[in-house]
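Colleague: Pasting a structure here, questions to come.
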Amino acid sequence: MDFIVSNWMLILVALVSGGMLLWPMVSGGGLAAGISAPEAVQLMNREKAVVVDVCSPQEYAQAHIAGARSIPLGELEAKLPGVVKNKAVPVIMVCASGVRSGRAVAIA
């Protein structure tokens with residue numbers, strides 16, 4: 225018990241660093257829906273998935289996936305039903321960093 229009392233900061237740092245190491249596994253590893261790049265390509269080729277780029281128009285003009293539809297994140301709720309008419313078709317949300325696409329998945 226004396227060890228714990230004497231080294232409480234060391235134990236706290238160990239717990240926090242362990243939590244930070246486990247966080248990517250718990251939260252999905254940064255992949256919003258748990259999809260990797262090869263899986264996305266398979267969905268696009270085999271199941272005709274619709275790719276929606278939720279970046280700003282400027283970012284979309286600089287670089288985007290071939291065939292991706294540009295819908296900025298702020299306009300997603302209003303424009304997504306017009307772009308994806310068949311709800312059986314898979315939708316892949318993308319952006320430059322993954323943050324906005326994660327929000328887009330939550331919105332859609």
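The opening residue of the sequence shown carries number 225 in the working numbering; numbering runs sequentially from there.
Positions of the beta carbon are idealized from the N, C-alpha and C atoms, including for glycine.
Is the region 312–321 close to the region 279–295, with three or more CB pairs under 8 Å?
Modeller: Touching, yes.
Colleague: With DSSP as the reference, please indicate the residues paired to valine 274 in a beta bridge.
Modeller: Position 50 of the sequence shown, counting from 1, holds the residue named residue 274. Paired residue(s): Val315.
Colleague: Kindly say whether leucine 239, judged by its beta-carbon, lies nearer than 8 Å to any beta-carbon of chain B.
Modeller: In the structure shown, chain B cannot be found, because there is only a single protein chain.
Colleague: Rounded to a whole number of angstroms, what is the C-alpha to C-alpha distance between alanine 302 and tryptophan 232?
Modeller: Position 78 of the sequence shown, counted from the first residue, corresponds to residue 302. Position 8 of the sequence shown, counted from the first residue, corresponds to residue 232. Whole-angstrom Cα-Cα distance: 52 Å.
Colleague: Hey, would you say proline 314 sits closer than 8 Å to glutamate 271, going by beta carbons?
Modeller: To locate residue 314, count along the sequence shown from 1; it is residue 90. To locate residue 271, count along the sequence shown from 1; it is residue 47. A contact, by the Cβ cut-off of 8 Å.
Colleague: Have a look at Leu300, Asn310, Ala312, Lys309 and flag the residue whose alpha-carbon is nearest the alpha-carbon of serine 325.
Modeller: As a first step, residue 325 must be located in the sequence shown, where it is residue number 101. Closest by alpha carbon: Leu300.
Colleague: Indicate whether alanine 328 and valine 278 have their beta-carbon atoms separated by less than 8 Å.
Modeller: To locate residue 328, count along the sequence shown from 1; it is residue 104. To locate residue 278, count along the sequence shown from 1; it is residue 54. In this structure, valine 278 lies closer than 8 Å to alanine 328 by Cβ.
Colleague: For glutamine 310, which of Val274, Leu236, Pro296 has the nearest alpha-carbon?
Modeller: Working through the sequence shown from its first residue, we reach residue 310 at position 86. Checking the sequence, you will find asparagine at residue 310 rather than glutamine. The shortest C-alpha separation from asparagine 310 is found at Val274.
Colleague: Using the three-state DSSP reduction, which class does alanine 241 fall into: helix, strand or coil?
Modeller: Here residue 241 corresponds to residue number 17 of the sequence shown, with the count starting at 1. Sequence inspection shows serine at residue 241; the alanine mentioned does not correspond to that position. Looking at serine 241 - three-state DSSP - the assignment turns out to be helix.
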